[in-house]
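Here's the structure, in structure tokens; my notes come after.
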DNA sequence: ACATCTATTGACGTTAACGTCAATTAAGCG
DNA sequence: CGCTTAATTGACGTTAACGTCAATAGATGT
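Shown next as structure tokens:
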């Protein structure tokens, strides 16, 4: 496993080492390199050493959130593309809008699934609490 | 691939073949057997042929929803256990309640992640639409 | 200068969640 | 009763998403 040492995060930093980001997000350096190999992030190099800027740090945040939401790396990479789309040409903007709307539909469907699941569990919770009252009475 | 034939679903059915369920939920029969091998569902047998009741049909629904929400089969199986927990003994009910609450925490965290993602995309949507207006003007 | 971190790359291993294929067995029907 | 269709099991293949390990190169502290 990687050490979680790395430089003391002096506030307002805008360059990061692979170890810093791994420590901050609690993932392995290998995972970060893997994401790079998949084109999800594109750190600069100083010699052979990777140097990460805010952009890739932000991308890592989005990647991890995407994972928490159950999306595959492929889906996440499509999601990330939305963030650096070209907005100078109307047709490009229109394409972006279409893709954003498609994504929104997916996320909203997922949200509605989630809400149903939550309601069901809340019902179970209510039932269980009621049972406990009865049984202790 | 499996044929999507199977019996005409006479309403109020409470027994199902593997092919019917596969067709209805648009998954392969192999997947259903795989879920069984993992203990997620426990169809009856008539000879060697699987016969599914409403219980397993419902479980399939829950499994698929769990998958849409990005949970692993292992997590889903724990989720399913909540549905057939023993509620006759107070200590069991208390355990159930604890596990339900743990699940609820997970789902609520996910929902909050989702809401942030949706807001971000809605902002992008608004921005893109504005751009298009400007460009067409 | 030397040992010690830290990083890089490449090769290979691993787990989950299926799919594909083949050999059998069972069921329905004209 | 053969024939076709449907179902079962087992063996093996596959893809995604990493982890493990080894060899090597740079940077760093003493």
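Chains as they are written, first to last, in this note's numbering: chain A, 3 to 139; chain B, 3 to 139.
Don't be surprised by glycine CBs; every beta carbon is placed ideally from N, CA and C.
Inset, instruction - Rounded to whole angstroms, what's the CA-CA distance from residue 21 of chain B to residue 67 of chain B? Just pull it up for me. - result: 20 Å
Legend entry - DSSP state of residue 51 of chain A mapped onto helix, strand, coil: strand
Legend entry - Helix, strand or coil at residue 17 of chain B [DSSP, three-state]: strand
Legend entry - Own chain residues within Cβ distance below 6 Å of residue 12 of chain B, not counting five before or after: At residue 12 of chain B the pLDDT is 44, less than 50, meaning the model places this residue with poor confidence; the figure from the coordinates comes in the next sentence. Closer than 6 Å at the Cβ level, and outside the excluded window around residue 12 of chain B, lies no residue.
Legend entry - Listed by chain order, chain B residues near residue 120 of chain A by CB distance under 8 Å: 106, 109, 110 and 113
Inset, instruction - Name, please, each residue of chain A whose Cβ falls closer than 8 Å to the Cβ of residue 25 of chain B. - result: Chain A residues near residue 25 of chain B: none, gap ~22 Å exceeds 8 Å.
Inset, instruction - Could you list the residues in the segment 124-139 of chain B with a C-beta less than 9 Å from some C-beta on chain A, going in chain order? - result: 124, 126, 127, 129, 130, 131, 133, 134, 137 and 138
Legend entry - Any C-beta of chain A under 7 Å from that of residue 31 of chain B: no
Legend entry - Closest Cα partner of residue 42 of chain B within the set B/74, B/131 and B/15: B/74
Inset, instruction - Report the option in B/95, B/129 and B/120 whose CA atom is closest to the CA atom of residue 71 of chain A. - result: B/120
Legend entry - Nearest candidate by alpha-carbon position, reference residue 79 of chain A, set A/115, A/55, A/116 and A/63: A/63
Inset, instruction - Answer yes or no: does any C-beta atom of chain A fall closer than 7 Å to that of residue 82 of chain B? - result: no
Inset, instruction - Count the CB pairs spanning the segment 33-42 of chain A and the segment 88-95 of chain B that are closer than 8 Å, and state whether there are at least three. - result: no
Inset, instruction - Tell whether a beta-carbon distance below 7 Å holds between residue 61 of chain A and residue 16 of chain A. - result: no
Legend entry - Distance between residue 123 of chain B and residue 1 of chain A (C-alpha atoms, nearest Å): Lying before the first or after the last residue shown, residue 1 of chain A is absent from chain A, which here runs from 3 to 139.
Inset, instruction - Thinking residue 84 of chain B and residue 102 of chain B are a contact (beta carbons under 8 Å), I'd like their distance in whole angstroms, please. - result: 6 Å
Inset, instruction - Compare the C-beta of residue 98 of chain A against all C-beta atoms of chain B and say whether one is closer than 7 Å. - result: yes
Legend entry - Per DSSP, cross-strand counterpart(s) of residue 46 of chain B: B/53
Inset, instruction - Could you list which residues in chain B have their beta carbon closer than 7 Å to that of residue 70 of chain A, in chain order? - result: 112 and 115
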